[in-house]
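What follows is a single structure, written as C-alpha cells, with notes after it.
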Amino acid sequence: MWEEIAATCNSQDCYRVLGVSNLDKPLPAIDAYDHLEMLKSVGINTRHRIAWVAGHPALLDNLLLAQTVVRNRSEINLRIFDNMKPAELWLAES
C-alpha cells in the first residue's frame, strides 16, 4: 500500500495524503516499531504530510504507537486521527 501511495505522490507531484485504516484487527505492535523503516524504504520522506484516520476505535492505540515511533525517530509528518474532520484540517495547514 505505501509503495502505491509514494508512487502516486511522485507521479502527481502531490505529497499530502489522507488515508483511512480499515484493518480487521489492530496493527501488530512490532509493525508499529518497524513502520518508519518501511516508510523510508518506499520513499516516504519529509516532503510528505500524511493524515491517517483509524477507521475503527480498536485500531487507534497501535496506530498512535506507530506515529510516536515515526515522529520520535524522524521528521516525517505523520499524524494519526480518530476521525476525518481534524485529519482534513491538519492536512490543509501549510
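Numbering (the numbering used here), first residue to last: 56 to 149. The beta-carbon is built from N, C-alpha and C at its ideal position, and this holds for glycine as well.
Handout entry: Coarse secondary structure for Ser66, derived from DSSP in three states
Key = By 1-based counting over the sequence shown, the position of residue 66 is 11. Correct three-state label for Ser66: helix.
Handout entry: CA nearest to the CA of Val17, picked from Cys64, Ser76, Pro83
Key = Missing from the structure shown is residue 17; the chain here goes from 56 to 149 and no further.
Exercise for the section: In the DSSP assignment, find the unbroken alpha helix (DSSP H) run with Val97 in it and report its ends. Expected result: As a working note, residue 97 is residue 42 in the sequence shown. Per DSSP, Val97 belongs to no alpha helix (DSSP H) and is neither H nor E.
Exercise for the section: Given a cut-off of 8 Å, decide if Leu82 and Val125 are closer than it, judged by their beta-carbon atoms. Expected result: Along the sequence shown, one-based indexing puts residue 125 at 70. Along the sequence shown, one-based indexing puts residue 82 at 27. Pairing Val125 with Leu82 gives a Cβ-Cβ distance that is not under 8 Å.
Handout entry: Helix, strand or coil at Asn138 [DSSP, three-state]
Key = Translated into positions along the sequence shown, residue 138 becomes position 83. It is coil, neither helix nor strand.
Handout entry: Opposing strand residues paired with Ser76 [DSSP bridges]
Key = Counted from its first residue, the sequence shown places residue 76 at position 21. Paired residue(s): Ala109.
Handout entry: Any 3 or more C-beta pairs closer than 8 Å across the region 100-112 and the region 60-76
Key = Using a C-beta cut-off of 8 Å, the region 100-112 makes contact with the region 60-76, since at least three inter-stretch Cβ pairs fall below that distance.
Practice task
Pull up the distance between the alpha-carbon of Asp68 and that of Leu120, whole angstroms please.
Solution key: On the sequence shown, position 13 is the one that residue 68 refers to. On the sequence shown, position 65 is the one that residue 120 refers to. Put simply, the backbone Cα of Asp68 is about 29 Å away from that of Leu120.
Handout entry: Delimiting residues of the alpha helix (DSSP H) encompassing Leu118
Key = For this step, residue 118 is matched to residue 63 along the sequence shown. First-last of the alpha helix (DSSP H) with Leu118: 115-128.
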